[in-house]
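Asks: Just so we're aligned, residue 2 is where the sequence shown starts under our numbering, counting upward by one. We treat Cβ as the ideally placed atom computed from N, Cα and C, and that holds for glycine. Structure incoming, see below.
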Amino acid sequence: AGEWSQALSIVSEAWREASEFGTVTCSHPEYPGVWVRFKTRGYPFSLRRQWDGADDRSAVGILLRYVAAWNISDVDGKAIELPDGERDPTLLDNLDEMLVVWLIQRFVMFWRRELTVPRKN
C-alpha cells in the first residue's frame with residue numbers, strides 16, 4: 002500500500018538532486034566552463050558559528066564539505082578532481098586566487114540567500 006508513495010518519494014528526491022538548483026556558473030570571462038554545484042541540503046544551524054569563527058583554511062574546509070560537483074582547473078590548466086570523502090583545503094592551493102574568491106563568495110550567497118528562499122515549482 003505504501004509502495005506507491007515511497008516510489009514517488011524516491012523519484013522526487015532524484016529529480017531534486019538532478020535539477021539545476023545549486024549549480025553556479027562562473028561569470029568571469031577568464032574562466033569559461035567553470036561551474037560548481039553545491040549540496041542542496043544538510044546545512045546545520047551551527048554552520049554559521051563555525052563559518053564566523055573560521056580562518057582561511059577552515060573556511061575552505063567548510064566550503065569543500067558542501068560541494069557536490071564541479072568543473073574547475075588549476076593555474077596550469079589541469080582539471081582538479083573532486084575527491085570523495087574527506088577533502089583537504091590544500092586541494093585549492095594551485096587554483097587562481099580570483100577563482101578561490103569567486104568560489105567562496107558564491108558559496109556564501111548560495112548558503113545564506115538562495116537556500117532560504119522558497120524554490121519555484
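Within the continuous beta strand (DSSP E) that includes Ala60, where are the two ends?
Replies: As a position in the sequence shown, residue 60 is number 59, starting the count at 1. Where Ala60 is concerned, there is no enclosing beta strand (DSSP E), although the alpha helix (DSSP H) it sits in stretches over Asp57 to Arg66.
Asks: Closest by CA to Asp75, which one among Val25, Leu9, Ser10 and Glu31?
Replies: Reading the sequence shown from its first residue, position 74 is the one you call residue 75. The shortest C-alpha to C-alpha distance from Asp75 to any of Val25, Leu9, Ser10 and Glu31 is the one to Glu31.
Asks: Can you give the beta carbon distance from Ala69 to Arg38, rounded, assuming they're within the 8 Å contact cut?
Replies: Reading the sequence shown from its first residue, position 68 is the one you call residue 69. Reading the sequence shown from its first residue, position 37 is the one you call residue 38. So it is a contact: roughly 5 Å between Cβ atoms.
Asks: Take the Cβ of Val25 as the centre, count every other Cβ of all protein chains shown within 10 Å, and call the residue buried at 16 or more, exposed below.
Replies: As a first step, residue 25 must be located in the sequence shown, where it is residue number 24. Buried is the call here.
Asks: In whole angstroms, what separates the C-alpha of Val61 from that of Asp94?
Replies: Residue mapping note: residue 61 aligns to position 60 of the sequence shown, counting from 1. Residue mapping note: residue 94 aligns to position 93 of the sequence shown, counting from 1. The alpha-carbon atoms of Val61 and Asp94 are separated by roughly 10 Å.
Asks: On the DSSP bridge list, what partners appear for Val37?
Replies: In the sequence shown, the residue the question calls residue 37 occupies position 36. Beta-bridge pairing links Val37 to Val25 and Trp71.
Asks: Quick check on Leu9: buried or exposed, where buried means 16 or more other Cβ atoms within 10 Å of its Cβ?
Replies: Against the sequence shown, residue 9 aligns to sequence position 8. Exposed, because fewer than 16 other Cβ atoms sit within 10 Å of the Cβ of Leu9.
Asks: Output yes or no for whether 8 Å exceeds the beta carbon distance between Phe111 and Gly43.
Replies: Here residue 111 refers to the residue found at position 110 of the sequence shown. Here residue 43 refers to the residue found at position 42 of the sequence shown. The answer is no: Cβ separation not under 8 Å.
Asks: Assuming Val101 is part of the alpha helix (DSSP H), what are its boundary residues?
Replies: Here residue 101 refers to the residue found at position 100 when the sequence shown is read from its first residue. Glu98 to Arg113 is the extent of the alpha helix (DSSP H) around Val101.
Asks: Among the residues of its own chain, which have a CB less than 6 Å from the CB of Leu83, if the five just before and after it don't count?
Replies: For the purposes of this step, residue 83 is taken as residue 82 along the sequence shown, with counting starting at 1. Cβ neighbours of Leu83 beyond the five flanking positions: Trp71.
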